Amino acid sequence: MLKGRNILLGVTGSIAAYKAAMLCRLLKTSGADVRVVMTPLAKQFITPLTMATLSKNPILVEFFDPENGAWNSHVSLGEWADCYLIAPATANTLAKMACGIADNLLLTTYLSARCPVAVAPAMDLDMYAHPATQENLEKLRAAGVAVIEPDEGELASGLCGKGRMAEPAQIVRSVEALLDQKKKSLAGKRFLVTAGATIEPIDPVRYLTNHSSGKMGYAIAEALARRGAEVTLLSGRTCLPAPEGVRRIDVLTAADMYRAATELFPSTDGAVMCAAVADYTPAEVADRKLKKGDGDLTIRLCRTRDIAAELGRMKNDRLLVGFALETHDALAHATEKLRRKNFDFVVLNSLQDPGAGFRGDTNKVTLLDPSGAEELPLMCKTEVAGRIADKIENLLR
């Protein structure tokens, strides 16, 4: 159930840290990608080498690498994770989380995390039963943190009672249940997502198109489907496989996409217009390959029909998300597009940002709605898709 999920495992300074090794192994065998962040004291109980070997990722402890000064970004960690699991979680760490104290990488990452957070407390029975600890746990529950209750049994002190960290298998089941709950957050909703490039034929051999790979649109379709939505992916030319659980309809031209989108949109709760649709198409298509002559060739182009604008006129109470890719005056053009096409929000790309744009696996976007703009850092397109899905969820609420 955790296949393809990103789990950030936080380990704090508890004798129960030895169980983090088995927990990490179980998460990996369940199909998750695991990264580990440790407090400095946690290294006294289990070595970073052990956790690095099991997770197959470098272990993060400090804010920066003292060897080369590279920054370990708590923001990027929080963006990457589908779930932030802190196990074991000591009384000290729980208290700091409840009060918003951020004096180590594990805690700053908690304050930056947008994903579900779970804690597995581990401490002696009197510490666990203390009113201060119980008050901190209630604060965390009220903030949306899932608390995986500790077991009763023999403790490191020799006493018997409640405070043993839950067994790794139980913690994994709790994480699966937590993610399954989030997965269903869009259950019953239907979305149309357009992706990829349209192609406009010149003759049987040649056509006009653009550089879009479809990766961003496909990531959005997958993110919505993971949350339980029924997704129809209207796809232009791309080499990507259809995401699991997504219905894909292939189209070629802008006219094909217009017909399909206007037909499908009325039966949805919303649409995300991510496809790179041609603005112009040849006025005439030759039925034979055009041969090279001595002079220049002129091809007359006609304006294609504006799919997004048409859906904007049809939307009523449906949600409509647009994309804008600009090379200059980006914010001004995107703001105008937001108004003119009746979008609820626009995802603005800029070709001026390194790592953003066509074909790559990363993107840097700004989410623009009538209330303002939120600029996101450079991140994987799957993470960008998650942020777009978050905003869609919030608007639907």
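Using the working numbering, the letters of the sequence shown correspond one by one to residues 737 to 1133. Glycine included, C-beta positions come from ideal geometry on N, C-alpha and C. Keep in mind that this is a model prediction, so the values were computed, not measured.
**Prompt:** Which whole runs of the beta strand (DSSP E) in the region 909-959 are 3 residues long or more, in chain order?
**Reply:** 926-931
**Item:** Residues near V1021 in its chain [Cβ-Cβ closer than 6 Å; skip 5 each side]
**Value:** P937
**Asked** C896 bridges to which residues according to DSSP?
**Response** E890
**Asked** Once you ignore the five residues that flank A1101 on each side, which residues in its own chain have a CB closer than 7 Å to its CB?
**Response** First, the residue type needs correcting, since residue 1101 is Val and not Ala in the sequence shown. Here the set comprises V1083, L1084, N1085, L1112, V1120.
**Item:** Separation of K1027 from L1033, as counted between CA atoms
**Value:** 10 Å
**Asked** For the beta strand (DSSP E) that contains E966, what are its first and last residues?
**Response** 966-971
**Prompt:** How would you call K832, buried or exposed, if buried means at least 16 neighbouring beta carbons within 10 angstroms?
**Reply:** buried
**Message:** Can you tell me whether L785 is buried or exposed? The criterion is at least 16 other CB atoms within 10 Å of its CB, across all chains shown.
**Reply:** exposed
**Request:** Count the other C-beta atoms from every protein chain shown that fall within 10 angstroms of the C-beta of Y846, then say buried if there are 16 or more, exposed otherwise.
**Result:** buried
**Prompt:** By Cβ distance, which residues of its chain are closer than 8 Å to S1003, with the 5 residues on each side in sequence left out?
**Reply:** R926
**Prompt:** Between the C-alpha atoms of L976 and N1099, what's the straight-line distance to the nearest angstrom?
**Reply:** 18 Å
**Request:** Determine the DSSP secondary structure at P824, reduced to helix, strand or coil.
**Result:** strand
**Straight-line Cα distance separating V967 from L1087** = 28 Å
**Neighbourhood of A1012 by C-beta, 6 Å cutoff - its chain only, sequence neighbours within 5 removed** = A933, N946, S948
**Asked** Three-state secondary structure (DSSP) at E1129?
**Response** helix
**Prompt:** What residue range is occupied by the uninterrupted beta strand (DSSP E) comprising T844?
**Reply:** No beta strand (DSSP E) contains T844, which is instead part of the alpha helix (DSSP H) from 841-848.
**Prompt:** First and last residue of the alpha helix (DSSP H) that includes E903?
**Reply:** Per DSSP, E903 belongs to no alpha helix (DSSP H) and is neither H nor E.
**Asked** Using the C-alpha atoms, what's the distance from A858 back to K898?
**Response** 9 Å
**Request:** Can you give me the start and stop residues for the beta strand (DSSP E) that C975 sits inside?
**Result:** From DSSP, C975 is part of no beta strand (DSSP E); its letter is neither H nor E.
**Message:** Please tell me whether L712 and L970 are closer than 8 Å, where the distance is taken between their beta carbons.
**Reply:** Outside the shown range of the chain (737 to 1133) lies residue 712, about which nothing can therefore be said.
**Request:** Could you check what DSSP says for S812 in three-state terms: helix, strand or coil?
**Result:** helix
**Item:** CB of P886 within 8 Å of CB of R900, strictly
**Value:** yes
**Asked** Expressed to the nearest angstrom, what Euclidean distance is found between the alpha-carbon atoms of A902 and L915?
**Response** 18 Å
**Message:** Given this structure, state the Cα-to-Cα distance separating V1057 from M1009, to the nearest angstrom.
**Reply:** 6 Å
**Request:** Would you kindly work out how many angstroms separate the C-alpha atoms of R761 and M993, rounded to a whole number?
**Result:** 46 Å
**Request:** Could you tell me the distance, in whole angstroms, from the CA atom of D862 to the CA atom of L763?
**Result:** 30 Å
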